[in-house]
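Below you'll find the structure, written out as structure tokens, and then a few comments.
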Amino acid sequence: MDFLKYAIELVAVLLLALGIKGLSKVRSARSANQLAAVAMALAVLGLLINYLGTSGISAAAWTWIIIGTVIGGVLGAITAQRVPMTSMPETVALFNGCGGMSSLLVALAAAFFPLQLEAAGLVAVVSIVISVFVGAITFTGSIVAMAKLQGWLSTPAWMQSKSRHVVNIALAVASLVAAIKLITDGNGTQGLWLLVVASGLLGIGVTLPIGGADMPVVISLLNSYSGVAAAAAGFVVGSQLLIVAGAMVGAAGLILTQVMCNGMNRSLVSVLFGGALGASAASGGGGGEYTNITSCSVEECALTLEAAERVVIVPGYGLAVAQAQHTLREVTRSLEAAGIQVDYAIHPVAGRMPGHMNVLLAEADVPYEQLKEMDVINPEFPATDVVLVLGANDVVNPQAKNDPSSPLYGMPVLDVQQARTVFVVKRGMSAGYSGIKNDLFDLANTSMVFGDAKKVLGDLLGELKELGVGKK
Ligand code: NAP
């Protein structure tokens, strides 16, 4: 029975590793996700088979595992179907929280029931301590992050003062004392509950002051924590699969956190300890009035597109909000049919989570080869006739390169202003995520096309048809 269990676990680990690797490419992401789901199903199967050979474990253990798997699977499937892409950060936060809570509960169950903390060895106790500490922080921190993103929770004024650091340090010290007490004298119940409460409050204390703009970075970090907690829980229950899977999630989450910090030009320290005063509010830069706005009609936009040889599309958060990806694809199909070269410029933090734009465009069957990363497309803008900026704002703001007082200064951006003509499709003059003015809109080669992205693209499609673009 042991051989079968280890064989299943090994296959599951391999599938999981392949799944995570496949997620790094848009083309393989869907099948990679399915591989990872199969790995999880195998993990549950391995657990059930393990119990077959264990005497003293009743059918009740099987029943609980199956009930838990079915409930979790059904809830996961329903959530995946219903949640819109724009709410993905909140959903990921909730899932991270569930991961943290699971590790916390596994460690508590192991401490109170089969292991008997007092009698457990050093490795088991240390694993329980880590699992409880990181699991509790991940759980409460993720729930706070989700509630803030949903708009259910805002940062109380006192949480923005420096005194919050004193409270957080006190909670960290209490957690440390409880952990040391548990490890050195194995004093189970009291120390364990102190650790649960102190680390749970620490998760709230650290996450609550963080501003909305930095929340996706925090979610990615919490994702990494949930991996660490799962790996520690793996040591607690002796599951190699959980250890490997947890370690992979922990490492992947950390790398993602780093990528997002670079993409937004924020250091992790300023995200974690900077508080709710986001970059824009803190620096006071990036303001000012618009002085040279030119707007144009959809018809003028269509005429310019008709005459272009090379067009670059810049998708942003507004495109996702408008759910205009399918209409966009129809527009680009007719441009391509007219022999116009079309590419899509993908900024690493366009939208509200990494990969947001890739997923959105993949939904509309945009060929992967046409998605160009920022470093690849930036040198190509001077040779581009028309750039169509669709519901994007911060990621095309030249202030990031030209204005040292701007909160965006240093953030890598798409150099769309170097193209011959830039059309910006948005509903009005409201700011993007950073809340600041966009100098691109004032430039002589930029024209605003006001309206909801889906409506404008629908009208544009109509104009292109009337002009006979794409028709032989
Ligand atoms: P953005 O700066 O948030 O701008 C989106 C623009 O879309 C807004 O200016 C809005 O203007 C417009 N818009 C909204 N609904 C629209 C609709 N229905 N039709 C047309 N336009 C619409 O978006 P972004 O350029 O994609 O930049 C992403 C921002 O999010 C960056 O600041 C980035 O740092 C931040 N962020 C991203 C991540 C990530 O991982 N991707 C993580 C954290 C933060 P109107 O209201 O005038 O229409």
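Numbering-wise (the numbering used here), the sequence shown opens with residue 19 and increments by one.
Heads up, the beta-carbon is just placed ideally off N, CA and C, and yes, glycines get one too.
Since the structure is predicted, the reported quantities are computational estimates derived from the model, not experimental observations.
Every alpha helix (DSSP H) stretch that sits fully inside the stretch 187-275 and reaches 4 residues is listed by chain position as 206-225 and 233-255. Taken through DSSP and simplified to helix, strand or coil, residue 322 comes out as helix. Spanning the alpha carbons of residue 337 and residue 410 requires a straight line of approximately 8 Å.
Residues of the same chain with a CB within less than 6 Å of the CB of residue 382, apart from the 5 flanking positions on each side, are 343, 344 and 347 in chain order. Residue 415 holds the alpha-carbon nearest to the alpha-carbon of residue 433 among 161, 84, 415 and 188. Pairing residue 65 with residue 25, the inter-Cα distance amounts to about 12 Å. A straight line joining the alpha-carbon of residue 378 with that of residue 78 spans about 44 Å. Minimum Cα-Cα distance from residue 475 among the listed residues 319, 287, 161 and 92 corresponds to 319. Residue 468: member of the beta strand (DSSP E) spanning 464-468, first to last residue.
In the DSSP assignment, residue 472 falls within the unbroken alpha helix (DSSP H) covering 471-485. Listed in chain order, the non-local C-beta contacts of residue 243 below 6 Å within the same chain comprise 152 and 156, local neighbours out to five positions each way being set aside. Excluding its 5 nearest sequence neighbours in each direction, residue 446 has C-beta neighbours in its own chain below 8 Å: 468, listed in chain order. Residue 61 places its beta carbon less than 8 Å from that of residue 259. The continuous stretches of alpha helix (DSSP H) do not include residue 406, which lies in the beta strand (DSSP E) extending over residues 404-408. With a 10 Å radius around the Cβ and a threshold of 16 neighbouring Cβ atoms, residue 472 comes out buried.
In the structure shown, the three-state DSSP call for residue 444 is strand.
The beta carbon of residue 437 sits closer than 8 Å to the beta carbons of 330, 399, 400, 402, 403, 404, 405 and 463 from its chain, once the five residues preceding and following it are set aside; these are given in chain order.
When DSSP states are grouped into helix, strand and coil, residue 341 belongs to the coil group. For residue 278, the shortest C-beta to heavy atom distance toward the ligand NAP is below 7 Å. Nearest to residue 145 by C-alpha distance, out of 455, 291, 328 and 254, is 254. In terms of Cβ geometry, residue 458 and residue 487 do not form a close pair [threshold 8 Å]. Remark: C-beta atoms of residue 111 and residue 163 approach each other more closely than 8 Å. The bridge partners DSSP lists for residue 362 are 331 and 389. The beta carbon of residue 268 sits closer than 7 Å to those of 242, 245, 246 and 249, all from its chain and outside the five residues before and after it, given in chain order. By the Cβ-count criterion, residue 48 is exposed, with fewer than 16 other Cβ atoms from all chains shown falling within 10 Å of its own Cβ. Residue 285 counts as exposed, since fewer than 16 other beta carbons sit within 10 angstroms of its beta carbon. The closest CA to that of residue 87, considering only 100, 120 and 363, is found on 120. With a cut-off of 7 Å, the C-beta of residue 374 is classified as near the ligand NAP, since at least one heavy atom of the ligand falls inside that distance.
An exposed status is given to residue 168, since fewer than 16 other beta-carbon atoms sit within 10 Å of its beta-carbon. Fully contained in the stretch 59-124 are the following alpha helix (DSSP H) runs of length 4 or more, in chain order: 77-100.
Here DSSP, grouped into helix, strand and coil, assigns residue 313 to strand.
Under a 10 Å Cβ-count criterion, residue 310 is classified as exposed, with fewer than 16 other Cβ atoms of the shown protein chains found around its own Cβ. Per the coordinates, the alpha-carbon of residue 428 lies some 44 Å from the alpha-carbon of residue 489. Three or more Cβ pairs drawn from the stretch 221-240 and the stretch 269-283 lie within less than 8 Å of each other, which places the two stretches in contact.
Close CB contacts of residue 324 within its chain, under the 6 Å cut and outside five residues either way in sequence, are with 485 and 487 (chain order).
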